[in-house]
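Colleague:
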Amino acid sequence: MQGMDRFLSSAVNRIDAKGRVSVPAHFRAVVQKRGYTELYALRALDIPAMDVGGLDLLDRYEQRIAAEDPFLQTADDMSFFIHGDGAFLKLDQDGRITMTDFIREHTGITNEVAFVGRGLFFQMWEPERLKAYGAEVRARLMKLRQQASVGVKEDVQ
95 MQGMDRFLSS AVNRIDAKGR VSVPAHFRAV VQKRGYTELY ALRALDIPAM
145 DVGGLDLLDR YEQRIAAEDP FLQTADDMSF FIHGDGAFLK LDQDGRITMT
195 DFIREHTGIT NEVAFVGRGL FFQMWEPERL KAYGAEVRAR LMKLRQQASV
245 GVKEDVQ
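Under the working numbering, the residue at position 93 of the sequence shown is numbered 187, and the numbers go up by one with no gaps.
#1: Are G211 and F101 close, meaning C-beta to C-beta below 7 angstroms?
#2: Starting from F196, trace the alpha helix (DSSP H) in both directions and tell me its first and last residue.
#3: Does DSSP put T168 in a helix, in a strand, or in coil?
#4: Identify which residue in L136, V244, L151, I109 has its Cα closest to the Cα of R258.
#5: Bridge partners for Y134 per DSSP, in chain order?
#6: State the DSSP-derived secondary structure class of Q241, mapped to helix, strand or coil.
#7: So who's on the other strand from T192, going by DSSP bridges?
#8: Would you mind working out which of A119, F216, L214 sits nearest Q188, comparing C-alpha positions?
#9: Do you know how far the Cα of Y155 is from the Cα of S173?
#10: Assuming M190 and S116 make a contact with CB atoms under 8 angstroms, what is their CB distance in whole Å?
#11: Looking at the strands, I want to know which residues DSSP matches up with R223.
#12: Using only alpha-carbon positions, find the residue among L214, A135, R122 that is nearest to F176.
#13: So, are the CB atoms of E230 and T201 less than 7 angstroms apart?
#14: When you compare each of F209, N205, T168 to D147 by their alpha carbons, which one comes out closest?
#15: On a Cα-Cα basis, can you pick out the residue from P164, M193, M236 that is closest to N107?
#16: In the DSSP output, what is M218 paired with across the bridge?
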């Protein structure tokens, strides 16, 4: 996959008076290139963000469900989560989507949306919550790097 096929980088856009927000142009280009006619949005499980992608995002989750034992609660829970707790988003001709209560309740979005590329999908965040989450992610990665370098030093001695 080339870079142009992926959702990369981030942008913050304002929500207009009618409750619509423009999807960043480079994300719209990926949507077009991938041939998505509609977007599928899912409330991220452990963070206040929406995961947004094409039907391949749904396919990936369904493959996971198919791999689960159908008699266990997990498969049922996963189906409830991705089929019952997702929503389709329509891009209008100007590349905007409407911010629904479904999105606002989970994310805390009020008047601005932070769009974050995640490769095969993108996320929508409330900008301040995204900043806080970004700081947590960096801290976790720094800790991993420090642990890795300590492990390397111990191996040398």
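All C-beta atoms in this analysis are idealised placements derived from N, C-alpha and C, irrespective of residue type, glycine included.
Modeller: Working from what's here:
#1: It is a contact, given that the beta carbons lie within the stated cut-off.
#2: Per DSSP, F196 belongs to the alpha helix (DSSP H) from 195-201.
#3: Reduced to three states, the DSSP call for T168 is helix.
#4: This structure does not reach residue 258, given that the chain is present from 95 up to 251, and the question cannot be answered.
#5: According to DSSP, Y134 bridges with G147, F182.
#6: Secondary structure of Q241 (DSSP, three-state): helix.
#7: Answer is R114.
#8: Going by the sequence as given, residue 188 is Asp instead of Gln. The shortest C-alpha separation from D188 is found at A119.
#9: About 9 angstroms.
#10: Rather than Met, the amino acid found at residue 190 in this sequence is Arg. Contact flag correct, Cβ pair sits at about 5 angstroms.
#11: Answer is none; R223 lacks a bridge partner.
#12: Reading off the sequence, residue 176 comes out as Ile, not Phe. When only C-alpha atoms are compared, the closest one is A135.
#13: In this structure, T201 does not lie closer than 7 angstroms to E230 by Cβ.
#14: A quick correction: the sequence has Gly, not Asp, at residue 147. Of the listed residues, the one whose Cα sits closest to G147 is F209.
#15: Each of P164, M193, M236 was checked against the Cα of N107, and the nearest Cα belongs to M193.
#16: Beta-bridge partners of M218 (DSSP): M144, F209.
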